[in-house]
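Residues in the sequence shown are numbered from 9 upward in steps of one, following our numbering. Note sheet for the following structure.
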Amino acid sequence: MKAYLTNTIENKTVSVNLPGSKSESNRLLILKKIYPNISLLNLSNCDDTLTLRKAIEEKNQIVDVHHAGTAMRFLTAFFASKKDVEFTLTGSKRMQERPIKILVDTLRAIGADISYIKNNGFPPLKIKGKELISNSISIDANISSQYISALMLIAPSLNKGLKITLRNNITSIPYIKMTLELLSRIGVFCSLTDNIIEIASTKKINDIKVNIESDWSSASYYYSLVALSDHLEITLKTFRKDSIQGDSKVVDVYKKLGVETIFNETANSITLKKNGKKVNNFLKLNLIETPDIAQTIAVTCFGLGISCELMGLKTLKIKETDRLLALKIELQKLGAEITITDKSLRLKPTKTIAKNIVIETYQDHRMAMSFAPLYLKVPIIINNPNVVSKSYKTFWEDLQKIGSKLLIK
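Right under this line is the structure:
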């Protein structure tokens with residue numbers, strides 16, 4: 009199946025309702041399982057969240073999370089901390105190639121019973137849930153913040169809480185701060201001082217409703233659309249100026265790419281429009297804290313015909329695909345001159361963009377959505393477009409509101 013995208017007459021003003029944040033939703037689903045008196049509003053309906061929601065209620069002994077990396081990591085910790093349960097936790101072929109050894113080793117250090125079924129350090133896992141006694145651990149923090157968040161989410165359910173010492177530089181600290189904020193919001197005492205996280209044991213919390221903000225990662229594609237357009241103006245609903253999502257930094261990044269963000273605080277929304285300023289011909293960014301918007305930024309710079317150097321991208325190699333390599337392959341097909349290392353990419357300006365190129369998505373939702381805005385410049389074809397359901401089910405329907413001619417067949 010392919011999505012054929014061409015530009016028609018673009019609408020000048022558009023309003024879009026984006027889904028609730030996948031990152032917030034998945035954390036809150038774990039917390040709601042621990043504290044059933046949490047009520048969730050604007051929960052994401054993406055595949056990853058639906059997979060986690062189903063898996064966390066699973067009564068069978070085999071739980072398959074498919075491509076959902078967050079579910080794999082969060083459930084590894086959650087099942088390990090549930091006394092007298094036994095599960096086999098598995099996933100897709102790609103999931104079985106994604107490392108989980110650091111998280112497993114850390115959980116074992118506090119008493120977890122986890123073993124590998126196939127390859128050491130990788131799913132599938134055999135997990136025998138038990139009471140975790142130790143309340144102090146240390147973990148390498150320079151690989152994936154999801155390992156740390158997985159530990160933080162189960163911490164208040166442990167009898168002695170948990171003290172986590174983070175070794176080395178912290179990767180994607182905004183996601184750790186998001187987890188801390190959500191714990192604090194529901195009434196759990198927690199703190200981050202220097203490289204030490206402390207979370208208190210909390211048996212009960214007061215009834216609480218949590219309204220989940222829309223997803224800033226999904227918003228990034230609309231920033232790209234406005235940047236690549238002539239006069240497009242888009243209003244996105246359910247966004248806050250004081251967001252706890254790290255990808256809200258897209259506001260500052262795209263200001264450099266010609267997009268202004270207007271916060272409509274009474275309407276709980278943002279409006280994106282051209283800021284009328286000339287865009288510099290070179291953009292240099294360290295995205296160590298916001299790697300999920302790297303693909304979108306790289307494609308936007310390519311579409312604008314400017315060069316960029318993006319650093320801090322080492323985690324992209326262990327995502328749904330090797331995103332750095334995938335970006336290089338697909339951008340080169342469009343005519344880009346691009347070089348990559350294991351943690352960075354550099355793109356040189358291109359005068360022309362090849363038309364009607366088929367973009368492979370590598371079972372990666374962000375590959376599909378980050379390349380889609382290029383239809384404003386040239387007709388483009390996206391292979392396996394349904395991959396977007398992993399994080400944003402209605403992406404293609406919403407894209408048509410902007411004036412794209414879309415044919416999926």
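Beta carbons: idealized from backbone N, C-alpha and C, even for Gly.
Under a 10 Å Cβ-count criterion, residue 154 is classified as buried, with 16 or more other Cβ atoms of the shown protein chains found around its own Cβ. Per DSSP, the beta-bridge partners of residue 354 are 317 and 347.
Residues 14 and 16 of the same chain have their beta carbon placed closer than 6 Å to that of residue 413, with the five preceding and five following residues left out of the count. Our two residues, residue 346 and residue 354, have alpha carbons roughly 6 Å apart in a direct line.
Of the residues 131, 120, 50 and 126, the one whose Cα lies closest to the Cα of residue 81 is 131. Contact between residue 323 and residue 299 holds, since their C-beta atoms are separated by about 5 Å, short of 8 Å.
At a Cβ-Cβ threshold of 8 Å, residue 26 and residue 244 count as neighbours.
In this structure, residue 160 places its C-beta atom within 8 Å of the C-beta atom of residue 207.
The beta carbons of residue 394 and residue 9 sit about 7 Å from each other, so the pair counts as a contact at 8 Å.
Membership of residue 124 in the beta strand (DSSP E) is indicated by the continuous run 121-124. Under the three-pair Cβ rule at 8 Å, the stretch 269-289 counts as touching the stretch 309-322. Three or more beta-carbon pairs separated by less than 8 Å link the stretch 249-256 to the stretch 181-190, which places the two stretches in contact. A Cβ-Cβ contact shorter than 8 Å links residue 209 with residue 167. By the Cβ rule, the stretch 31-51 counts as touching the stretch 211-220, because three or more pairs are nearer than 8 Å. Positions of the beta strand (DSSP E) runs, each at least 3 residues long and wholly inside the stretch 113-178, are given as 121-124, 133-136, 144-148 and 170-175 in order along the chain.
A residue is called buried when at least 16 other Cβ atoms come within 10 angstroms of its Cβ; residue 175 does not meet this threshold and is exposed.
Fully enclosed beta strand (DSSP E) runs of no fewer than 3 residues occupy 198-201 and 204-207 of the stretch 171-217, in order along the chain. Shown here for residue 133: same chain residues with a beta carbon closer than 6 Å to its own, the five before and five after excluded, namely 97 and 122 in chain order. The three-state secondary structure of residue 259, taken from DSSP, is helix.
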